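Visitor:
Residue numbers (this note's numbering): -18 to 154.
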């Protein structure tokens, strides 16, 4: 079981399209995807430990919540707003594919100095973006990577807008 998990993580890092198709269909992979999200978050916490231990302690819980919400946002944008004729997906498929797309974030563990942190965090962000585009393409059964990229960007804008609203509305509390 652990070998399958490790193999999946490495395949996700290599942006293996077949891996994203595989985890999309494997309902048992949701827990594994959650583990990848937590490990990626812990790696970021270790890589940014010089900024404070709170990053290491709070980040995994926030990452799991963000992953869950992010999958719903992408579901809404990708299935409801920009549906393809072949698009059929659910929240679970997006949870699994998007969860594995955070695997490149594991390299953030090497950001132990401010200089290395900058390189590893920026590099992993672009790498995770590439993985996420492939993950969304697989989960939403899109023909085009560009459409999947557009859904990721629009979803990010939606999420950023709602986060901004929450911050503005609750600033006085």
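Every residue gets a Cβ at the ideal spot worked out from N, C-alpha and C, and that includes glycine.
Please read these numbers as outputs of a predicted model, since none were measured by experiment.
With a cut-off of 8 Å on the beta carbons, I'd call residue 129 and residue 117 a contact; round off their distance for me.
Guide: Right, the Cβ-Cβ distance comes to about 4 Å (below 8 Å), so this counts as a contact.
Visitor: Can you tell me which of the three DSSP states residue 66 falls into?
Guide: If DSSP states are grouped into helix, strand and coil, residue 66 belongs with coil.
Visitor: Where does the unbroken alpha helix (DSSP H) through residue 113 begin, and where does it stop?
Guide: First-last of the alpha helix (DSSP H) with residue 113: 95 to 120.
Visitor: To which residues of the same chain is residue 13 closer than 7 Å at the C-beta, ignoring the five residues directly before and after it?
Guide: Around residue 13: -14 and -11.
Visitor: Which one of 7, 112 and 98 has the shortest CA to CA distance from residue 81?
Guide: If we check each option's Cα against that of residue 81, 112 comes out closest.
Visitor: Residues in the same chain with beta-carbon distance under 7 Å from residue 120, minus the five sequence neighbours each way, listed in chain order, please.
Guide: If we look at residue 120 and ignore the five residues flanking it on each side, its Cβ neighbours are 5, 70, 74, 75 and 78.
Visitor: Tell me which residue opens and which closes the alpha helix (DSSP H) that residue 151 is part of.
Guide: Careful: residue 151 lies outside any alpha helix (DSSP H) and carries neither H nor E.
Visitor: Applying the criterion that 16 or more other CB atoms from any shown protein chain within 10 Å of the CB defines a buried residue, is residue 85 buried or exposed?
Guide: It is buried - the Cβ of residue 85 has at least 16 other Cβ atoms within 10 Å.
Visitor: Take residue 24 as the anchor and find which of 10, 110 and 40 has the nearest alpha-carbon.
Guide: It is 40.
Visitor: Could you tell me the distance, in whole angstroms, from the CA atom of residue -5 to the CA atom of residue 109?
Guide: Distance between the alpha carbons of residue -5 and residue 109 is about 11 Å.
Visitor: How long is the line joining the alpha carbons of residue 149 and residue 92, rounded to whole angstroms?
Guide: So the alpha carbons of these two residues sit roughly 32 Å apart.
Visitor: Answer yes or no: do residue -18 and residue 28 have a C-beta to C-beta separation smaller than 9 Å?
Guide: Taking 9 Å as the Cβ cut-off, residue -18 and residue 28 do not qualify as a contacting pair.
Visitor: Please classify residue 10 as buried or exposed, where buried requires at least 16 other C-beta atoms within 10 Å of its C-beta.
Guide: So residue 10 counts as buried.
Visitor: Are there 16 or more other CB atoms within 10 angstroms of the CB of residue 144, so buried, or fewer, so exposed?
Guide: So residue 144 ends up on the exposed side.
Visitor: Count the other CB atoms, across all protein chains shown, that sit within 10 Å of the CB of residue 55; report buried if there are 16 or more and exposed otherwise.
Guide: Result: buried.
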